[in-house]
Amino acid sequence: MKYKSQKVAYWFFALSMLLLVLQVTYGFIMGFAHMGYDGLHDVIPFNTAIAVHKNLLVVWILSGFMGAAYYIIPDEAETELCCPKLAYLQLIALAVVGVIAIVGFHFGWWEGRKFLEIPRELDYLVVIDVLLFLYIILVTLWKGKKRTTTALVLSGGLVGAALLYLPGMIWFDNHAYDSFFRWWVVHLWVEGVWELIMGGILAYLLIKLTGVDREVIEKWLYVIVGLTFLSGILGTGHHYYYTGTPEYWLVIGGIFSALEPLAFLGMALFAMVMYRKGEKRHPNKLALMWTLGAAIMSFLGAGMLGLAHTLPQVNLWTHGTLVTAMHGHLAFWGAYGMLVFAFIAYVMPNLTGRKRYFTKTGEYAFWIANVGMILMTSAFAAAGVQQVAMERIGGFDFMLVANELWYHFLVLIIAATIFTIGILMFMWEFIKYGMPTDSAMQSQEEFQPI
Ligand code: HEM
Ligand code: HEM
Ligand SMILES: [Fe+2]
1 MKYKSQKVAY WFFALSMLLL VLQVTYGFIM GFAHMGYDGL HDVIPFNTAI
51 AVHKNLLVVW ILSGFMGAAY YIIPDEAETE LCCPKLAYLQ LIALAVVGVI
101 AIVGFHFGWW EGRKFLEIPR ELDYLVVIDV LLFLYIILVT LWKGKKRTTT
151 ALVLSGGLVG AALLYLPGMI WFDNHAYDSF FRWWVVHLWV EGVWELIMGG
201 ILAYLLIKLT GVDREVIEKW LYVIVGLTFL SGILGTGHHY YYTGTPEYWL
251 VIGGIFSALE PLAFLGMALF AMVMYRKGEK RHPNKLALMW TLGAAIMSFL
301 GAGMLGLAHT LPQVNLWTHG TLVTAMHGHL AFWGAYGMLV FAFIAYVMPN
351 LTGRKRYFTK TGEYAFWIAN VGMILMTSAF AAAGVQQVAM ERIGGFDFML
401 VANELWYHFL VLIIAATIFT IGILMFMWEF IKYGMPTDSA MQSQEEFQPI
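Letter by letter, the sequence shown follows residues 1 to 450 of my numbering.
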């Protein structure tokens, strides 16, 4: 069923795409700086650029998740969103806090804690915004007719993400303690509760796109939730190897984080098995491509490239190098970036009534963006391996090595240009769809796989 209030999701996706363009811009600034062309240094020094790049990443993904939740929850609960006006207010507040944070970074108003740079004062506003979001989602679920497993896993992931933001707000004077709890946010987000959000969104998309029975799909979802918790919670230990924490983390972190790829493998198999099992009758092929793509690329980027440097014997050498950037790019893009794209590809025909299910631009956007991202990952990998060899093993100075790596960044910029062409084509499609309409929302002619 479609409900008029689901329209609000569109604006979250529009914000998400806008922030992605900005994120990529700061990526290029850093790529050129690594090559030695740091002309913007006085206005946007590297540390500002990277903070902006990472925070914009988190906000565009979260905005995408919120949009997806505002669409999925009414459908699953079979009711209108509880308070659509509040949802628009929540969107505006999110955008305003985001803008203040990003502008502030340029004036040194930040905390130098990777990924958690937003100053504490703004953190409180983030908390209020997220509480408002959860209120709308949970009240809708509560007053709805149904509470499906898919909706509960998605909401559970969202509540978990909100709760896990709090340990990052505790003040410590000691860096080792601060770092310990920073990982409760960063790690337990991407390798814990965000995986639940991903599982929930993936399940919803597969139910819609493959036509396989909900019972079958939701059974898989339980397995994925189980694998995520089993490996991901103690897997946090892979960030506690040499950070002032007790030695037992070497064993715990090593073993449990090495099991983490299983949850991503589960997700990839989940999507592929359901695709094969389904009648493949849904005409929205682009949505299916992005959905399967997300499930497979997340296994490669998060699972395989995570595994590559997760053992303490390896991480001893690779920690904090461009090897981390290699993994960070493909993991974030494959798991969460592509998932947001999959959802947008699925939802736009439903919101606007335009059945642009399989356009050439849309198809090329998929391939160009993904080839670009794989090439970017390769450039970071080559740079990372050379960096480890020279700096960590050879003992050369950090800046001297950075200077030697410039040609990897030339490759990176070429690859990033390909990637950017791909995502711009996707955004062009998004714009061509136009805005959501009431008539599209009233017509219930969404395709039902037989
Ligand atoms: C297409 C344009 C992009 C370019 C040129 C680019 C470039 C860069 C560069 C040069 C860094 C700093 C690496 C370092 O010196 O440590 C970086 C960091 C990062 N970027 Fe990008 N990026 C781009 C897009 C993206 C996208 C689309 C994502 C996510 C979906 C992403 C996620 C990240 C993350 C997570 C980091 C931090 C890595 C770490 O923890 O070491 N970037 N990026
Ligand atoms: C979608 C899921 C994932 C995402 C988005 C992701 C992203 C990232 C990012 C951005 C970082 C840098 C964090 C920072 O320095 O603050 C990182 C670090 C790390 N990730 Fe992941 N990751 C994911 C899953 C995994 C998995 C499943 C594994 C292991 C199998 C893994 C292993 C690691 C390790 C060992 C580090 C530390 C690197 C270092 O010491 O510098 N990651 N990840
Ligand atoms: Fe981790």
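For each residue, glycine too, the CB sits at the ideal point set by N, CA and C.
Kindly indicate which three-state DSSP category Arg392 falls into: helix, strand or coil?
If DSSP states are grouped into helix, strand and coil, Arg392 belongs with the helices.
To the nearest angstrom, report how far apart Phe299 and His239 are at their CA atoms.
20 Å
Give a yes or no on contact between the region 78-93 and the region 32-48, applying the rule of three or more CB pairs nearer than 8 Å.
no
For the region 369-379 against the region 329-344, are there 3 or more C-beta pairs whose distance is under 8 Å?
With a cut-off of 8 Å, the region 329-344 and the region 369-379 count as touching, because enough Cβ pairs lie within range.
Does the separation of the CB atoms of Thr420 and Val24 fall below 8 Å?
yes
Mind checking whether the beta-carbon of His239 lies closer than 7 Å to any heavy atom of ligand 3?
Checking every heavy atom of ligand 3 against the Cβ of His239, one is found closer than 7 Å.
Should the region 248-259 be regarded as contacting the region 298-317, the criterion being three or more beta carbon pairs within less than 8 Å?
Under the Cβ criterion (8 Å, minimum of three pairs), the region 248-259 counts as touching the region 298-317.
Considering only C-alpha positions, which residue in the set Thr352, Gly301, Asn284 is nearest to Glu363?
Asn284
Tyr242 classed as buried or exposed, judged by whether at least 16 other C-beta atoms fall within 10 angstroms
Here Tyr242 is exposed. Its C-beta has fewer than 16 other C-beta atoms within 10 Å.
So Met17 and Phe332 are in contact, right, with Cβ under 8 Å, and what is the actual spacing, rounded?
With a Cβ gap of about 16 Å, Met17 and Phe332 do not count as contacting.
Kindly give me the distance between the Cβ atoms of Leu188 and Thr236, rounded to whole angstroms, as I take these residues to be in contact under 8 Å.
6 Å
Which whole-angstrom value describes the C-beta separation of Ala14 and Glu117, a residue pair presumed to lie in contact below a C-beta threshold of 8 Å?
So it is not a contact: roughly 25 Å between Cβ atoms.
CA nearest to the CA of Leu62, picked from Leu134, Tyr124, Glu111, His106:
When C-alpha distances from Leu62 are compared across Leu134, Tyr124, Glu111, His106, the shortest belongs to Leu134.
What's the gap between the Cα of Met198 and the Cα of Leu154?
The alpha-carbon atoms of Met198 and Leu154 are separated by roughly 8 Å.
Our contact map puts Arg147 next to Ala77 with C-beta atoms below 8 Å; I'd like the distance itself, whole angstroms only.
7 Å
If you run the structure through DSSP and keep just helix, strand and coil, what is Met399?
helix
Distance between Thr352 and Leu138 (C-alpha atoms, nearest Å):
26 Å
With distances taken Cα to Cα, identify the nearest neighbour of Gly328 among Val186, Trp109, Ile136.
Of Val186, Trp109, Ile136, the residue nearest in Cα terms is Val186.
Beta-carbon within less than 7 Å of Ile223's beta-carbon, same chain only, minus the 5 sequence neighbours each way: which residues are those?
Reading off the sequence shown, one finds Val at residue 223, where the question assumed Ile. So the qualifying residues of the chain are Gly266.
Going by DSSP, what residue range makes up the alpha helix (DSSP H) through His41?
Counting along the chain, His41 falls outside any alpha helix (DSSP H), and DSSP gives it neither H nor E.
Below 8 Å between beta carbons: does that hold for Thr149 and Glu195?
no
Return yes when the C-beta of His319 is under 7 Å from any heavy atom of ligand 3, and no when it is not.
no
Taking 7 Å as the cut-off, is the CB of Phe256 close to at least one heavy atom of ligand 1?
Because no heavy atom of ligand 1 lies under 7 Å away, the Cβ of Phe256 does not count as near it: no.
Tell me the DSSP secondary structure of Pro349 in three-state form.
helix
Rounded separation between Ile44 and Leu22 - CA only:
In this structure, the CA atom of Ile44 is about 14 Å from the CA atom of Leu22.
Helix, strand or coil, according to DSSP, for Trp60 in the structure here?
helix
Closer than 7 Å to a non-hydrogen atom of ligand 2 - does that hold for the CB of Phe180?
no
Spatial distance of Tyr10 from Trp428 (CA atoms)
15 Å
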